[in-house]
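Chains as they are written, first to last, in my numbering: chain A, 3 to 219; chain B, 23 to 246; chain C, 16 to 208; chain D, 73 to 427.
Just so it is clear, CB atoms sit at the ideal spot from N, CA and C, and this is done for glycine as well.
No experiment lies behind these values; they were computed from the predicted model shown.
Pasting the structure below:
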């Protein structure tokens, strides 16, 4: 995405890059497996987001620290080992915090290892930038990923079970639309968000074009 | 992750490559081992609490629990932490009398396997209740087996008596259509959630057929 | 059907809880490599192959780790094994069947980061499958992955000519198709029960 | 629903179409399908009363309105005059249970048209049958109301709505137990003949199934009438009889074999063909040209696949009825079937068809 030899100056955009402009989910379409699999409740989505952020930040730090030590030829293998280490740590930590949460997220915590967002960050950013930048950038990406997870989890939980973070919202008479907590619902809600963003982008483009025409006239 | 980048001009020796990788591997091994060590106690505590909660749900009168491994060769008492090795858990009331045994069972549900823990009282030959340990049944339909009061009423005392020879159930536990329960060994299904109701019945029937003869053989050994 | 019977394990991973459409494993290739039926079928073939290899090696690794009480290294070992399995498979195919290698070539390295492979190894460990069960599971999962991929490719080929509204991006379209397929696959729930 | 993709898309015409009716304009065919559906609608209103009338009107209106609004939002001329949205609405209503809450029917209609059809560019580009997508969505979203059945010929059916029909939006369906107590005919079990067969192994009377005096979805009872209406379309050369025939024959043959092996559990072929939504699906939904293969051999494979899947889901699945899912899966498979059975082009490479 940019020349690798010039390190980024630390700026606000290092952080916000992952939240909006290069949002790992909505823009880059990465890490979809956990995104769809564990977002049937907002709580699961939040936990998954935090776990991923932790792994992103820790592996980013280590990769950035070791960037001069790791030879190019074996860097991918090294990154994967580093990532797998932190994922295992998170896995144990979640078990220690709450078994129910661990049961709800299941094997998808361990599957963070193959989340392309993390390897992608390690390869494209952390391995070429100073530690502070790497941490800030990874944190931004983590926040962006968590927001994406939450945007799915909140919609799915509200419509699919009539509650939010486990708190009942509409009373006992509300008819939940169970399909939203089932697998098809995951696909549909993500498609819906992508559709909405694409619609917004189109609107903006048309408006810009109209303004241009107006200015020309 | 496709291919490694173009080889730099001065490529490091393979010894250095291996050494770096080995170093990283050792470091991560250490980190992981540390994490596993630190979290072992809390995880065990969580497991114990979760199990205790489940056991006390299916054996309402119990206040204490002990782990056992039950198989053809008899009953083996296990330590308090050996939760994953145990396959049955005895519950005792405050005066130390056996109030029942909690056993895991599983069967095919609608979407996937349903895993339950059920309580059995060998004195009264009753199944006292069950709790779902793991299921992915349809929300609002199959998952009602845990909440539907009419369905739970089946388990005030679901009869599971052995035959004279002590080898098999006298009357097989069976799930029947909603509203047609006639005998204490029948389970009245939830209307509309027949598949999940039947899965609970099948799990109980299979597990009791296999384990009750064993339990009755070793019953005195459960005493504290 | 018994929940631990080989047929059920196969059917479960194949259609009932299809690896892609119900478990969301392997979504990246599902969305990325599903443009053409032929490519999708080849990718599926490669995945089945790698799944068989990595599932059996994961089974062996797990036995070893359990023996030495080193379960905390499981994840690291699995990912390492899968990466090497992909390499080995690639080399073997290259040597013994250059034609197949040309057909699968570009997909093989991609498979390492396919979460369906690691997911398979993790799920078979969580569910405590024995060796034959693990094999049935991996064949079912691979077949399920291939089926989903090929169906998706067929639909997308058909939609190439469609007058899709311009605000519908190809990702949104693919995800909606995935959702519809997932909806249709719900019909297999309880199969063999 | 017959050939439809040919209206505004010259590309589709390039495909080898085996159908003679390309000469007939789409809206004429569609209008005739509506005519053919009218007797089925009338019969189901007579069977289940004004609740079903409400259901048919609601579904049709919401389907047509959804399509109209979406076209307007796209700044394109409306397409509701081609009658296809009307057919989707009527078919959807006919596949819903008679006492289905109207607000849920609206949701199913909107989803079916918006996601199942307009999202892909409208008529001719939808990959699966929109009515069935709507129904599958409702089945997954509102499982309990979708499996709540009422008896046919309830005495008060022309004077009052089934209470669940008029449920307020977003709420759980009103209880029908009181209504059932007043209206239930001797020993109504709250299940369709298929469910009774599946879970209790008691087959229903075939004559009843043929005439349609059983519980079930609004328009799926009365196999004979549906077949007659289908014959009208076949006679007018507006429907591909091969699809219907291959589905029904396969289902009958397969269930006949199972019945011969174990008559206790598996029903006889006549029951299989006449019960549930198989007849309605085989005649009016699987024959939708947009979702079926374009090659002559493919048509037969498609029909056989749907027949097989229906019986497999009915006999060994968790649901008592599988026609809807079988047709949706058939739709999903049809591009694949087309591509495999495509006649070889001259000079094409040897290994043309993958899988």
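Taking a C-beta distance under 8 Å as the contact criterion, residue 100(B) and residue 90(B) qualify as a contact pair.
Shown here for residue 35(A): same chain residues with a beta carbon closer than 7 Å to its own, the five before and five after excluded, namely 113 in chain order.
Per the DSSP secondary-structure output, residue 136(B) pairs in a beta bridge with 129(B). Here DSSP, grouped into helix, strand and coil, assigns residue 123(A) to helix. With respect to residue 126(D), residue 264(D) sits apart: the two C-beta atoms are not nearer than 8 Å.
For residue 112(B), the enclosing beta strand (DSSP E) has its first and last residue at 110 to 114. Residue environment for residue 192(B): exposed (fewer than 16 other C-beta atoms within 10 angstroms of its C-beta). Residue 223(B) is positioned such that its CB atom lies closer than 8 Å to that of residue 209(B). Under the Cβ criterion of 8 Å, residue 242(D) is counted among the residues facing chain A. A direct Cα-Cα distance of roughly 15 Å separates residue 82(C) from residue 92(C).
In this structure, the straight-line span from the alpha carbon of residue 20(C) to that of residue 208(A) is close to 59 Å. Check the Cα spacing between residue 222(D) and each of 341(D), 153(D) and 171(D): the tightest is with 171(D). Each residue's CA atom was taken as its position, placing residue 40(C) and residue 50(C) some 18 Å apart.
Annotation for residue 314(D): no beta strand (DSSP E) segment contains it, though the alpha helix (DSSP H) segment containing it runs 313 to 333. Residue range 96 to 99 is occupied by the beta strand (DSSP E) that includes residue 96(B). Contact of residue 134(C) with chain A by beta-carbon distance below 7 Å involves 109 and 113. Residue 217(B) reaches chain D at 390, counting residues in chain order whose Cβ is nearer than 7 Å. Contacts with chain C (Cβ-Cβ distance below 8 Å) from the region 67 to 98 of chain A involve 79, 82, 83, 86, 87, 89, 90, 93 and 94, listed in chain order.
Relative to residue 142(D), the option among 115(D), 330(D), 365(D) and 189(D) whose CA is nearest is 189(D). Sixteen is the threshold: when 16 or more other Cβ atoms of the shown chains lie within 10 Å of the Cβ of residue 166(C), as they do, the residue is buried. Within a 10 Å sphere around the beta-carbon of residue 119(B) sit fewer than 16 other beta-carbons, which makes this residue exposed.
Annotation for residue 88(B): the continuous beta strand (DSSP E) segment containing it runs 86 to 93. Contact note: residue 271(D) reaches chain B through 199 and 216, using a C-beta cutoff of 8 Å and chain order.
Partner residues in a beta bridge of residue 199(C), as assigned by DSSP, do not exist. It is roughly 21 Å from the alpha-carbon of residue 25(C) to the alpha-carbon of residue 217(B). Residue 173(A) and residue 243(D) have their C-alpha atoms some 10 Å from each other. Just measuring C-alpha positions, the residue of 355(D), 414(D), 192(D) and 319(D) sitting nearest residue 372(D) is 319(D).
Contact of residue 169(B) with chain D is not assigned, every C-beta pair being separated by 8 Å or more.
In the three-state reduction of the DSSP assignment, residue 93(C) falls in the helix class. When beta bridges are read from the DSSP output, residue 142(B) appears opposite 123(B) and 149(B). DSSP places residue 102(A) in no beta strand (DSSP E) but in the uninterrupted alpha helix (DSSP H) bounded by 101 to 107.
For residue 285(D), the three-state secondary structure derived from DSSP is coil. Listed along chain D is no residue with a C-beta nearer than 7 Å to that of residue 224(B); the closest approach is about 13 Å. In the three-state reduction of the DSSP assignment, residue 119(D) falls in the helix class. Only those residues of the region 152 to 173 of chain D whose C-beta falls short of 9 Å from the nearest C-beta of chain C would be listed, and there are none. DSSP places residue 76(A) in the helix class (H, G or I) of the three-state scheme.
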